[in-house]
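**Student:**
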Amino acid sequence: MRQFLENARESNSFWLRCDCWVAIVRTRFPKVLHLRKENSEANNVFTDLEILEISECCKLQKLIPSSRYFKKLRTLEVSKCDGLKHLATPSTSQGLVNLARMNMTDCKMIEEVIQLQVGEEAMNDCIIFRQLEYLGLNCLPSLTGFYSGNCTLEFPSLEQVLVRQCPKMMIFSPGVLGTLKLNKVQLTEADDQGCWEGNLNDTVQKLFSEM
Numbered sequence: 025m026r027q028f029l030e031n032a033r034e035s036n037s038f039w040l041r042c043d044c045w046v047a048i049v050r051t052r053f054p055k056v057l058h059l060r061k062e063n064s065e066a067n068n069v070f071t072d073l074e075i076l077e078i079s080e081c082c083k084l085q086k087l088i089p090s091s092r093y094f095k096k097l098r099t100l101e102v103s104k105c106d107g108l109k110h111l112a113t114p115s116t117s118q119g120l121v122n123l124a125r126m127n128m129t130d131c132k133m134i135e136e137v138i139q140l141q142v143g144e145e146a147m148n149d150c151i152i153f154r155q156l157e158y159l160g161l162n163c164l165p166s167l168t169g170f171y172s173g174n175c176t177l178e179f180p181s182l183e184q185v186l187v188r189q190c191p192k193m194m195i196f197s198p199g200v201l202g203t204l205k206l207n208k209v210q211l212t213e214a215d216d217q218g219c220w221e222g223n224l225n226d227t228v229q230k231l232f233s234e235m
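Residues in the sequence shown are numbered from 25 upward in steps of one, following this note's numbering.
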């Protein structure tokens, strides 16, 4: 696998070109603001990525700029990106149709995973993460919830949720939640028993009250 990564320091942006269908991207550029460069053909590579790992991009502000990117993405790992306040919007999250694993660690400013932007209207009454099996929320001191909107969230494949050191997370989402396969929330990877109060919201609320 051959990868090419260019960091444009003057514009605080970078672009990536990969000659393969599956790519693992690890970036540690503290000045990067966006994960793609405007009007660049290199942006097309993001439509073929299956694994994306982003780490130590402390000024990164936008991770998923459009629903047309990351349609083949299966694994998303984000850590130590203190400029991020959210990962996606309701509209851009609709492009994550194959995402099976999402893990966020040590991102100090993230307030929500999905966040409705000012002037944006939710496209649908329901957001579906059809393939998501694993969700990890680790050491996120500003996280208040997964999504604060009222639309339904469906996770038909979700089997494992880990919530650790998220002291402001009082609720997962105020809307209706569909998590048919989920029966516990883990505090660590080794926590086989976990915690469960009948549904994801009540479980998160119990964990918050015990902090």
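Cβ coordinates follow ideal geometry from the N, Cα and C atoms, glycine included.
Quick one: what's residue 233 bridged to in DSSP?
**Tutor:** The sequence position of residue 233 within the sequence shown is 209, counting from 1. According to DSSP, which records beta bridges pairwise, residue 233 is partnered with nothing at all.
**Student:** With 16 other CB atoms within 10 Å as the buried threshold, where does residue 100 fall?
**Tutor:** Here the question's residue 100 lines up with position 76 in the sequence shown. With 16 or more other Cβ atoms within 10 Å, it is buried.
**Student:** Taking the alpha-carbon positions, what's the residue 117 to residue 190 distance?
**Tutor:** Reading the sequence shown from its first residue, position 93 is the one you call residue 117. Reading the sequence shown from its first residue, position 166 is the one you call residue 190. Near 22 Å, if we compare the C-alpha coordinates of residue 190 and residue 117.
**Student:** Just confirm the distance between the C-beta atoms of residue 161 and residue 187, as a whole number of angstroms; I'd bet it's less than 8 Å.
**Tutor:** Stepping through the sequence shown from its first residue, residue 161 is reached at position 137. Stepping through the sequence shown from its first residue, residue 187 is reached at position 163. Yes, they are in contact, since the Cβ atoms of residue 161 and residue 187 sit about 5 Å apart, within 8 Å.
**Student:** Please work out which residues of its chain come closer than 7 Å, Cβ to Cβ, to residue 97, disregarding the five sequence neighbours upstream and downstream, and give them in chain order.
**Tutor:** Counting from one through the sequence shown, the residue named residue 97 turns up at place 73. Taken in chain order, the residues that qualify are 73, 74, 76, 120, 122, 123.
**Student:** Taking DSSP as the reference, what is the three-state secondary structure of residue 117?
**Tutor:** By 1-based counting over the sequence shown, the position of residue 117 is 93. Reduced to three states, the DSSP call for residue 117 is helix.
**Student:** Which class does residue 137 belong to by DSSP, given the choice of helix, strand or coil?
**Tutor:** Here the question's residue 137 lines up with position 113 in the sequence shown. Three-state result, residue 137: coil.
**Student:** Does the stretch 222-229 touch the stretch 194-212, meaning 3 or more C-beta pairs lie closer than 8 Å?
**Tutor:** At 8 Å Cβ cutoff, the stretches touch.
**Student:** On the DSSP letters alone, give me the boundaries of the beta strand (DSSP E) that residue 125 sits inside.
**Tutor:** Counting from 1 along the sequence shown, the entry for residue 125 is found at position 101. Looking at the DSSP string, the run of the beta strand (DSSP E) that includes residue 125 is 125-129.
**Student:** Provide the residue span of the beta strand (DSSP E) that contains residue 203, from first to last.
**Tutor:** Start at 1 with the first residue of the sequence shown, and residue 203 comes out as number 179. No beta strand (DSSP E) contains residue 203, which DSSP labels as neither H nor E.
**Student:** Helix or strand or just coil, what does DSSP make of residue 176?
**Tutor:** Along the sequence shown, one-based indexing puts residue 176 at 152. It is a strand residue.
**Student:** Residue 156 and residue 131: beta carbons closer than 8 Å?
**Tutor:** Taking the sequence shown and counting its residues from 1, the one referred to as residue 156 is at position 132. Taking the sequence shown and counting its residues from 1, the one referred to as residue 131 is at position 107. No, the pair does not count as a contact, with Cβ atoms beyond the cut-off.
**Student:** Of the residues 82, 126, 83, which one's Cα is nearest the Cα of residue 185?
**Tutor:** Working through the sequence shown from its first residue, we reach residue 185 at position 161. The shortest Cα separation from residue 185 among 82, 126, 83 belongs to 126.
**Student:** What's the C-alpha gap between residue 84 and residue 158?
**Tutor:** Looking up residue 84 in the sequence shown gives position 60. Looking up residue 158 in the sequence shown gives position 134. In a straight line, the C-alpha of residue 84 is about 24 Å away from that of residue 158.
**Student:** Between 70, 169, 153, which lies nearest to residue 134 when the distance is taken from Cα to Cα?
**Tutor:** In the sequence shown, residue 134 corresponds to position 110, counting from 1. Minimum Cα distance to residue 134 is reached at 169.
**Student:** Suppose you measure from the CA of residue 106 to the CA of residue 81; what does that come to, to the nearest Å?
**Tutor:** Taking the first residue of the sequence shown as 1, we reach residue 106 at position 82. Taking the first residue of the sequence shown as 1, we reach residue 81 at position 57. Approximately 7 Å between the Cα atoms of the pair.
**Student:** Along the beta strand (DSSP E) that carries residue 152, what are the first and last residues, could you check?
**Tutor:** Taking the first residue of the sequence shown as position 1, residue 152 is located at position 128. It spans 150-152 - the beta strand (DSSP E) in which residue 152 sits, taken as one unbroken run.
**Student:** Roughly how many angstroms separate the alpha carbons of residue 149 and residue 112, rounded to a whole number?
**Tutor:** Residue numbering aside, residue 149 sits at position 125 when the sequence shown is read from its first letter. Residue numbering aside, residue 112 sits at position 88 when the sequence shown is read from its first letter. The alpha-carbon atoms of residue 149 and residue 112 are separated by roughly 16 Å.
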